[in-house]
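> These protein sequences, in sequence, are chains D and W.
Each residue of the first sequence is one higher than the one before, starting from 1 at the first, in the UniProt record's numbering.
Each residue of the second sequence is one higher than the one before, starting from 1 at the first, in the UniProt record's numbering.
Beta carbons are placed, not taken as given, at the ideal position from N, Cα and C, and that holds for glycine.
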Amino acid sequence: MSGDDLNPAAVARPVEDAQGDDRWMSQHTRFVQECKDAEPDQFEVRQDLFSPLHALNFGIAGDTTCNVLWRLQNGELENICPKVVVLWVGTNNYEHTAEQVAGGILAIAQLLTSRLPKAKIVVLGLLPRGERPNPLREKNTVVNGYLRSWLPRLGRAQLLDVSGDFVHSDGAISLQDMFDFLHLTATGYRTMAKPLSDLLLQILEETHVPGI
Amino acid sequence: MSAEDPNPAATPTPCEDIQGDGRWMSLHNRFVSDSKDKEPDVLFVGDSLVQLMHQFGIWRQLFSPLHALNFGVGGDKTQHVLWRLSNGELDNISPKVVVLWVGTNNHGETAEQICGGIMAIVQVIKNKLPHSRTLVLGILPRGKSPNPLRERNAKVNMLVQEAVSSLPHASFLNVDPGFVHVNGSISHQDMYDYLHLTPQGYQAVCEPLHAHLKSMLDKPAEN
Numbered sequence: 001m002s003g004d005d006l007n008p009a010a011v012a013r014p015v016e017d018a019q020g021d022d023r024w025m026s027q028h029t030r031f032v033q034e035c036k037d038a039e040p041d042q043f044e045v046r047q048d049l050f051s052p053l054h055a056l057n058f059g060i061a062g063d064t065t066c067n068v069l070w071r072l073q074n075g076e077l078e079n080i081c082p083k084v085v086v087l088w089v090g091t092n093n094y095e096h097t098a099e100q101v102a103g104g105i106l107a108i109a110q111l112l113t114s115r116l117p118k119a120k121i122v123v124l125g126l127l128p129r130g131e132r133p134n135p136l137r138e139k140n141t142v143v144n145g146y147l148r149s150w151l152p153r154l155g156r157a158q159l160l161d162v163s164g165d166f167v168h169s170d171g172a173i174s175l176q177d178m179f180d181f182l183h184l185t186a187t188g189y190r191t192m193a194k195p196l197s198d199l200l201l202q203i204l205e206e207t208h209v210p211g212i
Numbered sequence: 001m002s003a004e005d006p007n008p009a010a011t012p013t014p015c016e017d018i019q020g021d022g023r024w025m026s027l028h029n030r031f032v033s034d035s036k037d038k039e040p041d042v043l044f045v046g047d048s049l050v051q052l053m054h055q056f057g058i059w060r061q062l063f064s065p066l067h068a069l070n071f072g073v074g075g076d077k078t079q080h081v082l083w084r085l086s087n088g089e090l091d092n093i094s095p096k097v098v099v100l101w102v103g104t105n106n107h108g109e110t111a112e113q114i115c116g117g118i119m120a121i122v123q124v125i126k127n128k129l130p131h132s133r134t135l136v137l138g139i140l141p142r143g144k145s146p147n148p149l150r151e152r153n154a155k156v157n158m159l160v161q162e163a164v165s166s167l168p169h170a171s172f173l174n175v176d177p178g179f180v181h182v183n184g185s186i187s188h189q190d191m192y193d194y195l196h197l198t199p200q201g202y203q204a205v206c207e208p209l210h211a212h213l214k215s216m217l218d219k220p221a222e223n
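Shown next, in the form of structure tokens:
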């Protein structure tokens, strides 16, 4: 594993307001407030697939590992005590190598395990992208490979790789699964949500074992 | 139009494949091939606000029954839409109405330039589809609090509404139901990232849009 201070993907960075309406910071500020408003052991119920699990969603489109790292270091982990954190980031790290991206994801997982002593970390593997085989697919596969071997060494973290379901035998990704060959449709989300929700339920049941 | 510097917003420009997976061109090629197979009565063209409409139940509920096709691409500026429509996406179809919703991503360009880009698209549609009418939608306010992009977008809308008023084949529709509250803020219940619409946000925009489209489709075309 590369030293974090040499890995640009593991350097915390906010997104600069290049467009002029400060939307990234507005979203981060809202997430920090959601943490403050949350009961430490209970969460806002959201109207989505995961609402019975009492989930909060701190996703921001376009974020790199650097941006997620910055947000988590700047308030988005305050006052909450989740049993599980689901981490999904890395596909937007265009400037970084696969090894650097994996290092950035690992740095986030390390931060989460150190700040949230009760939490199990589920890292979702990066999905393939683009209509046909291309260098970004290869890169994302390599990132997943690094994560598969590095994450278990953290103790409370694991990789869940759902990427196999999306590439057809001819190498193509379908618009039915990713409406722009990157972002998931409702159908695409249903495909990856099933193994994820099964795993989450399993983890949550484990932490409810009586006497422990 | 004039002998000044060319307007980048009105210069057909394909999107460069910076990321490396060719997705923009893949989508364009898919739309060109849809044009060959399909016979839409309504064609939606624009950026992510158009593209994402297709992903919500509202599309099937309101626009599929009108035989609508969706050629939205996230991130597109006017010059990208202009290029796409000039390079095959309008061939082989004859929709009654083209709904155009674009301009919010034209960062670094002035309201006048963005209006010029939108009007260039209106012209291309007229050239390729002489029997279609174009409905230009006003671009929405954005950002949680007042900011220069809201002013820019409002000015674009004013300029476009003015420019389109003299054209028999085009019209303008303001689809902002009042997203900006009295205190100047936009709610994340309407725009989850203060730009893109939630299902609730789409409902508020699309219901009046749908009603307006139906009245256009029910009227016989002028000219």
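Report yes if the CB atom of Ser-145 of chain W is closer than 8 Å to the CB atom of Gly-108 of chain W, and no otherwise.
No, Cβ-Cβ distance for Ser-145 of chain W and Gly-108 of chain W is not below 8 Å.
> Against chain D, does Gly-88 of chain W count as a neighbour if the rule is that its beta carbon must be under 8 Å from one of theirs?
Chain D, which has no Cβ nearer than 8 Å to the Cβ of Gly-88 of chain W, makes this no.
> Can you look up Thr-134 of chain W in the DSSP assignment and give me helix, strand or coil?
Reduced to three states, the DSSP call for Thr-134 of chain W is strand.
> Taking the alpha-carbon positions, what's the Met-192 of chain D to Pro-128 of chain D distance?
Those two C-alpha atoms are separated by around 13 Å.
> Straight-line CA distance for Pro-141 of chain W to Arg-150 of chain W?
Distance between the alpha carbons of Pro-141 of chain W and Arg-150 of chain W: 5 Å.
> Which stretch, first to last residue, makes up the beta strand (DSSP E) that contains Ala-18 of chain D?
Where Ala-18 of chain D is concerned, there is no enclosing beta strand (DSSP E), given that its DSSP letter is neither H nor E.
> Name, please, each residue of chain W whose Cβ falls closer than 7 Å to the Cβ of Arg-30 of chain D.
In chain order: His-188.
> Can the beta-carbon of Leu-213 of chain W be found less than 8 Å from the beta-carbon of Leu-90 of chain W?
Their beta carbons are not under 8 Å apart, which means Leu-213 of chain W does not touch Leu-90 of chain W by this criterion.
> Which residues of chain W have a Cβ atom closer than 8 Å to the Cβ of Ala-186 of chain D, listed in chain order?
Simply Gln-55.
> Using only the alpha-carbon positions, how far apart do Arg-23 of chain D and Leu-197 of chain W sit?
Spanning the two alpha carbons is a distance of roughly 14 Å.
> Identify, in the order they occur along the chain, each residue of the same chain with its Cβ nearer than 8 Å to the Cβ of Ala-172 of chain D, setting aside the five sequence neighbours on each side.
If we look at Ala-172 of chain D and ignore the five residues flanking it on each side, its Cβ neighbours are Glu-131 and Arg-132.
> CB-CB under 7 Å to Trp-83 of chain W, same chain, minus the five flanking residues each way: which ones, in chain order?
For Trp-83 of chain W, where only same-chain residues beyond five positions count, the Cβ hits under 7 Å are Pro-12, Thr-13 and Pro-14.
> Closest to Asp-17 of chain D by C-alpha separation, out of D:Asn-7, D:Leu-53 and D:Asn-67, would be which residue?
Considering only alpha carbons, the answer is D:Asn-67.
> Which residues in the same chain as Arg-137 of chain D place their Cβ atom closer than 7 Å to its Cβ, once the five residues preceding and following it in sequence are excluded?
Correct list, in chain order: Pro-128, Arg-129 and Gly-130.
> If Gly-46 of chain W and Asp-76 of chain W are in contact, beta carbons under 8 Å, what's the gap, nearest whole angstrom?
Confirmed, about 7 Å.
> Looking at the strands, I want to know which residues DSSP matches up with Ile-186 of chain W.
BP columns for Ile-186 of chain W point to W:Val-180.
> Counting only runs of 3+ residues fully inside the stretch 128-173 of chain W, write out the beta strand (DSSP E) ranges in chain order.
Within the stretch 128-173 of chain W, the complete beta strand (DSSP E) runs of at least 3 residues are 133-137 and 170-173.
> Which residues of the stretch 93-110 of chain W have a Cβ closer than 8 Å to any Cβ of chain D? Give them in chain order.
Within the stretch 93-110 of chain W, the qualifying residues are His-107.
> Straight-line CA distance for Leu-69 of chain D to Asn-92 of chain W?
One C-alpha to the other measures close to 49 Å.
> Since Tyr-192 of chain W and Gly-143 of chain W are thought to touch, with beta carbons under 8 Å apart, how far apart are those beta carbons, to the nearest angstrom?
That pair is no contact at about 13 Å.
> Are Asn-144 of chain D and Leu-154 of chain D touching if we call contact CB-CB under 8 Å?
No; because the gap between Cβ atoms is not below 8 Å, this pair is not in contact.
> Identify, in the order they occur along the chain, each residue of the same chain with its Cβ nearer than 7 Å to the Cβ of Ala-157 of chain D, setting aside the five sequence neighbours on each side.
Correct list, in chain order: Ala-109, Thr-113, Ile-121, Val-123 and Leu-151.
> Considering just the uninterrupted stretch of the beta strand (DSSP E) at Gln-158 of chain D, what are its terminal residues?
Start and end: 157-160.
> Have a look at W:Val-156, W:His-181 and W:Thr-134 and flag the residue whose alpha-carbon is nearest the alpha-carbon of Leu-217 of chain W.
Out of W:Val-156, W:His-181 and W:Thr-134, W:Thr-134 has the C-alpha closest to the C-alpha of Leu-217 of chain W.
> Is any beta-carbon of chain D found at less than 8 Å from that of Arg-60 of chain W?
False, the Cβ-Cβ gap to chain D never drops below 8 Å.
> Excluding the 5 residues preceding and the 5 following Asn-105 of chain W in the sequence, name in chain order all residues of the same chain whose CB lies nearer than 7 Å to its CB.
Counting only Cβ-Cβ distances below 7 Å, and skipping sequence neighbours, we find Asp-47, Gly-75, Asp-76 and Lys-77.
> 8 Å is my cut-off, CB to CB: does Asp-193 of chain W come that close to chain C?
This model lacks chain C altogether, as its protein chains are D and W.
> For the beta strand (DSSP E) containing Ala-68 of chain W, name the first residue and the last one.
Per DSSP, Ala-68 of chain W belongs to the beta strand (DSSP E) from 68-72.
> Any beta carbon of chain D sitting closer than 8 Å to that of Asp-21 of chain W?
Answer yes: the Cβ-Cβ gap between Asp-21 of chain W and chain D drops below 8 Å somewhere.
> Compute the beta-carbon to beta-carbon distance between Leu-204 of chain D and Lys-83 of chain D, rounded to the nearest angstrom, for a pair I have assumed lies under 8 Å.
Sure, about 6 Å apart at Cβ, within 8 Å.
> Give the residues of chain W in contact with residue 214 of chain D, contact being defined as C-beta atoms less than 8 Å apart.
With chain D covering only 1 through 212, there is no way to say anything about residue 214 of chain D.
> Just by C-beta distance, which residues in the stretch 129-163 of chain D are closer than 7 Å to chain W?
Listed in sequence order: Arg-129, Gly-130, Glu-131, Asn-134, Pro-135 and Leu-136.
> For Val-99 of chain W, collect the residues of the same chain with a Cβ closer than 6 Å to its Cβ; drop the 5 residues on either side in sequence, then sort them by chain order.
Here the set comprises Phe-44 and Leu-135.
> Using C-beta distances below 6 Å, list every residue in its chain close to Asn-7 of chain W, excluding the 5 sequence neighbours before and after it, in chain order.
Once the five neighbours on either side are set aside, the close Cβ partners of Asn-7 of chain W are Gln-113 and Gly-116.
> Kindly provide the ranges of any beta strand (DSSP E) runs that are 3 or more residues long and lie completely inside the UniProt domain "SGNH hydrolase-type esterase" (52-190) of chain D, ordered along the chain.
Runs found: 84-87, 120-124 and 157-160.
> Relative to the C-alpha of Ala-55 of chain D, which residue among D:Thr-64, D:Thr-65, D:Ile-80 and D:Asp-180 is closest?
Considering only alpha carbons, the answer is D:Ile-80.
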